[in-house]
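Worksheet: one structure, shown below.
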């Protein structure tokens with residue numbers, strides 16, 4: 008199945024994915040947030056398929072709103088759910104690819120400082136995973 012996305016759809020997907028990495032980095036401030044952001048972003052950039060093409064685009068407009076983890080989460084978590092729903096409408100496999108790409112990026116970010124993620128990072132990773140799954144268990148947040 009083919010995926011046809013508008014510029015707005017692509018921006019939502021990129022903002023959600025890179026926002027998840029930024030959110031994880033913000034939650035792990037006691038660790039190495041810059042390393043977490045770099046590791047997660049590189050992981051997203053290495054994604055393949057239609058989702059990989061969208062995530063690799065160097066288009067302006069991706070903005071991560073908020074100065075605190077709570078404020079960022081208010082924007083990023085719903086965007087993750089919306090991205091999965093948007094992709095699922097066109098191609099369930101693309102939605103799965105997006106979900107997997109974000110989860111791998113979050114895991115990469117959480118482990119950027121070598122070792123297990125901090126408890127704070129682990130909780131935030133769980134919230135990100137829940138947002139990615141929200142569409143499949145009752146229509147979002």
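In the numbering used here, the protein residues as written are 8 to 148.
Just so it is clear, CB atoms sit at the ideal spot from N, CA and C, and this is done for glycine as well.
| Item | Value |
| --- | --- |
| Reference residue 116, options 83, 10, 82, 41, closest by Cα | 41 |
| Residue closest to residue 51, alpha-carbon to alpha-carbon, out of 112, 122, 137, 128 | 112 |
| CB contact flag (residue 61, residue 21, <8 angstroms) | yes |
| Given residue 141 as reference, the closest of 104, 132, 87, 101 once Cα atoms are compared | 87 |
| Inter-stretch contact (C-beta, 8 angstroms, three-pair minimum) for the region 89–98 and the region 119–129 | no |
| Short Cβ contact (8 angstroms threshold) for residue 109 with residue 139 | yes |
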